[in-house]
Amino acid sequence: MIPAAAPMGPDLSLGIDIDSLPEGEPLLGHIDKEAVLLVRYARELFAVGAVCSHYHGPLAKGLVVGDTIRCPWHHACFSLRNGEVLAPPALTPLPCWRVEQRDGKAYVHDRLPTLTRSARKPSKPLGAPAAVVIVGGGAAGEAAATTLRFCGYPGPVTVLSAEDSLPPDRPNLSKDYLAGTAPEEWVPVRSAKFYAEHDITLLRDTRVTAINPARNTVHTETGREFSYDALLLATGAEPVKLPVSGAQL
1 MIPAAAPMGP
11 DLSLGIDIDS
21 LPEGEPLLGH
31 IDKEAVLLVR
41 YARELFAVGA
51 VCSHYHGPLA
61 KGLVVGDTIR
71 CPWHHACFSL
81 RNGEVLAPPA
91 LTPLPCWRVE
101 QRDGKAYVHD
111 RLPTLTRSAR
121 KPSKPLGAPA
131 AVVIVGGGAA
141 GEAAATTLRF
151 CGYPGPVTVL
161 SAEDSLPPDR
171 PNLSKDYLAG
181 TAPEEWVPVR
191 SAKFYAEHDI
201 TLLRDTRVTA
211 INPARNTVHT
221 ETGREFSYDA
231 LLLATGAEPV
241 KLPVSGAQL
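Quick note on numbering: the numbering used here labels position 48 of the sequence shown as 48, and the sequence is numbered without any gaps.
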């Protein structure tokens with residue numbers, strides 16, 4: 001869960017002089033107790049949440065490029081028009097509010113429904129695969145499965161993970177969790193309920209031992225076979241350890 005930022009800046013519901021808003025420079029304000037950014041682009045005004053959905057980065061310090069904003073920490077990119085995630089590593093869309101222009105002022109109010117499907121449309125029709133299999137239960141595999149559903153893919157999505165846990169947010173393991181400041185429930189990127197609600201088959205403790213490209217099948221060490229029309233290998237990598245004396249200390 002993203003922690004709520006303390007209210008800062010002006011109350012945007014009371015109105016801001018439009019002429020005082022520099023082009024492409026986010027203004028940090030708030031609506032009730034929620035931090036909100038007001039951004040001017042050309043003749044349009046946008047109001048979005050001020051906290052990145054990845055690691056809670058301060059988007060007020062981010063970079064506005066056209067009708068998008070990039071997080072200053074890990075460069076996640078969001079659409080200012082609808083909050084959609086346009087580039088990783090963000091997890092979920094930003095909240096958005098309606099902006100009304102009246103008498104030279106901009107008034108922000110009425111939080112809009114959270115985006116549940118991608119607003120982007122392919123430039124030409126794409127042939128969707130009949131079934132997708134993802135090998136790897138890390139953040140990349142999870143993001144691929146979630147994005148497929150967010151973009152409206154209706155077919156079967158199966159994630160095969162060698163780990164016995166839900167796909168984890170690994171940076172937390174080496175930072176807050178290792179330091180003892182993050183509870184275990186913070187480690188998974190998503191809950192088991194999320195995968196069930198989005199019809200994503202997540203099979204844990206399932207190690208893939210062979211792939212047969214000629215037959216479009218994946219085989220596990222227990223003898224199970226999975227057919228695919230599209231296959232993503234997202235198994236990650238193991239860290240390279242320095243082969244010098246004392247490296248194990």
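For every residue, glycine included, the Cβ atom is placed at its ideal position computed from N, Cα and C. A quick note: this is a predicted structure, and the numbers were derived from the prediction, not measured.
Taking all protein chains shown into account, decide if residue i is buried (16 or more other Cβ within 10 angstroms of its Cβ) or exposed.
i      : result
His54  : buried
Pro239 : exposed
Ser20  : exposed
Gly236 : exposed
Ser245 : exposed
Thr147 : exposed
Thr206 : buried
Arg149 : buried
Glu84  : buried
Ala4   : Confidence is the limiting factor: at Ala4 the pLDDT is only 45, short of 50, which leaves the residue's position unreliable, though a coordinate-based value still follows. Exposed, because fewer than 16 other Cβ atoms sit within 10 Å of the Cβ of Ala4.
Val161 : Just to set this straight, residue 161 is Ser in the shown sequence, not Val. Buried, since its Cβ has 16 or more Cβ neighbours within 10 Å.
Leu27  : buried
Ala139 : buried
DSSP puts residue i in a beta bridge; with which residues?
i      : result
Thr217 : Asn212 and Ser227
Glu100 : Tyr107
Glu134 : Strictly speaking, residue 134 in this sequence is Ile, with Glu absent from that position. Answer by DSSP bridge pairing, in chain order: Val159 and Leu232.
Asp11  : His30
Asp17  : Lys105
Grab me the residues of residue i's own chain with a C-beta within less than 7 angstroms of its C-beta, minus the 5 sequence neighbours each way, in chain order.
i      : result
Ser227 : Ala131, Asn216 and Thr217
Who are the Cβ neighbours of residue i in its own chain at under 6 angstroms, not counting the five residues just before and after it?
i      : result
Cys312 : Given a span of 1 to 249 for the chain in the structure shown, any question on residue 312 remains unanswerable.
Ala87  : Cys77
Pro10  : Gly29
Ile200 : Ala145 and Val157
Leu232 : Ile134 and Ala144
Lys175 : none
Tyr107 : Gly15 and Glu100
Can you give me the start and stop residues for the beta strand (DSSP E) that residue i sits inside?
i     : result
Leu86 : Val85 to Ala87
Below 8 angstroms CB to CB, which residues in the same chain sit around residue i once its five sequence neighbours on both sides are set aside?
i     : result
Leu80 : Val39, Tyr41, Phe46, Val48, Val64, Asp67, Thr68 and Ile69
Which stretch, first to last residue, makes up the alpha helix (DSSP H) that contains residue i?
i      : result
Leu148 : Ala139 to Phe150
Would the beta-carbon of residue i be found less than 7 angstroms away from any heavy atom of the ligand COA?
i     : result
Arg43 : The model depicted lacks the ligand COA and carries no ligand whatsoever.
* To do: Just list the alpha helix (DSSP H) runs in the region 167–207, keeping only unbroken ones of 4 residues or longer that don't cross its boundaries, in chain order.
  => The region 167–207 contains these whole alpha helix (DSSP H) runs: 170–174 and 192–197.
* To do: Ignoring anything shorter than 3 residues or poking outside the region 28–81, list the beta strand (DSSP E) runs there in chain order.
  => Listed in chain order, they are 34–41, 44–49, 63–65, 68–70 and 77–79.
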